[in-house]
Amino acid sequence: MKSTFSQFGLDKHVRYISNGSLHKIIEHKNDDYWPKEDYDLILVDEAHKFRNHKAQMFQQLQLICKTPRAVEGNVLGLRKKVILISATPLNNRPEDIYYQLQLFTDARKSTLPVTNLQGFFAP
């Protein structure tokens with residue numbers, strides 16, 4: 029992925045953060061990481077690893093994704109854009125996809141066509 033971003037000259041506008049370094053964005057004690065409000069687009073590779081809503085890594089990513097952007101910029105609105113990428117899309121239970129969706133949208137007031145995810149996944 030890094031080489032692709034470099035080929036298109038996008039690498040200066042990108043930060044690559046490993047799952048184990050998400051806390052560095054939240055704490056923002058290091059200049060290598062922007063504050064959580066400064067991220068506009070979040071690409072989550074290996075998204076299937078974010079199925080457990082009780083894991084600290086999930087909670088950190090959810091906080092980063094749901095924190096409004098500091099500046100509206102060229103994309104209208106302060107909501108971040110989140111893309112979940114996985115070569116292992118198989119989930120063990122319907123709850124897995126339910127929690128992955130909650131990384132970036134609210135369960136009862138979703139911005140997706142299904143606005144009440146909690147009700148949709150309840151059965």
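Residue 29 is where the sequence shown starts when you use the working numbering, and the numbers rise one by one after that. By construction, the Cβ of each residue, glycine as well, lies at the ideal position given by its N, Cα and C atoms. Every value quoted in this text rests on a predicted model; they were computed, and no experiment measured them.
Item to check | C-beta atoms of Leu71 and Ile111 nearer than 8 Å | outcome: Here residue 71 refers to the residue found at position 43 of the sequence shown. Here residue 111 refers to the residue found at position 83 of the sequence shown. Yes, the Cβ-Cβ distance between Leu71 and Ile111 is below 8 Å.
Next on the checklist: Please return the same chain residues whose Cβ sits closer than 8 Å to the Cβ of Tyr127, not counting the five positions on each side in sequence.
Outcome noted: The sequence position of residue 127 within the sequence shown is 99, counting from 1. If we look at Tyr127 and ignore the five residues flanking it on each side, its Cβ neighbours are Phe78, Arg79, Asn80, His81 and Phe86.
Item to check | Ile53, buried or exposed, once every other Cβ within 10 Å from all chains shown has been counted against 16 | outcome: In the sequence shown, counting from the first residue as 1, residue 53 sits at position 25. Looking at its Cβ environment, which holds 16 or more other Cβ atoms inside 10 Å, Ile53 is buried.
Checklist entry - Are the Cβ atoms of Leu131 and Cys93 separated by less than 8 Å? => result What you label residue 131 is simply residue 103 of the sequence shown in a count that begins at 1. What you label residue 93 is simply residue 65 of the sequence shown in a count that begins at 1. Yes, Cβ-Cβ distance for Leu131 and Cys93 is below 8 Å.
Item to check | Cα-Cα separation, Ala75 to Ser114 | outcome: Residue 75 sits at position 47 when you count from the first residue of the sequence shown. Residue 114 sits at position 86 when you count from the first residue of the sequence shown. Those two C-alpha atoms are separated by around 5 Å.
Item to check | Proximal residues to Asp73 (C-beta, below 6 Å), its chain only, five neighbours per side dropped | outcome: Numbered from its first residue, the sequence shown carries residue 73 at position 45. The residues are Ile113.
Checklist entry - Alpha carbon to alpha carbon, how far is Asn47 from Thr133? => result Within the sequence shown, residue 47 is the residue found at index 19, counting from 1. Within the sequence shown, residue 133 is the residue found at index 105, counting from 1. Going by the C-alpha atoms only, they are around 20 Å apart.
Checklist entry - Excluding sequence positions up to five away, which residues of its chain have a Cβ less than 8 Å from the Cβ of Asp39? => result As a first step, residue 39 is located in the sequence shown; it is residue number 11 there, counting from the start. Correct list, in chain order: Lys30 and Phe33.
Next on the checklist: Classify Gln35: buried if its beta carbon has 16 or more other beta carbons within 10 angstroms, exposed otherwise.
Outcome noted: Counting from 1 along the sequence shown, the entry for residue 35 is found at position 7. So Gln35 counts as exposed.
Checklist entry - Between which two residues does the beta strand (DSSP E) harbouring Ile70 extend? => result Residue mapping note: residue 70 aligns to position 42 of the sequence shown, counting from 1. From DSSP, the beta strand (DSSP E) with Ile70 extends over Leu69 to Val72.
Next on the checklist: Please classify Gln84 as buried or exposed, where buried requires at least 16 other C-beta atoms within 10 Å of its C-beta.
Outcome noted: Position 56 of the sequence shown, counted from the first residue, corresponds to residue 84. So Gln84 ends up on the exposed side.
Next on the checklist: Quick check: Glu123 and Phe148, are their CB atoms within less than 8 Å of each other?
Outcome noted: To locate residue 123, count along the sequence shown from 1; it is residue 95. To locate residue 148, count along the sequence shown from 1; it is residue 120. In this structure, Phe148 does not lie closer than 8 Å to Glu123 by Cβ.
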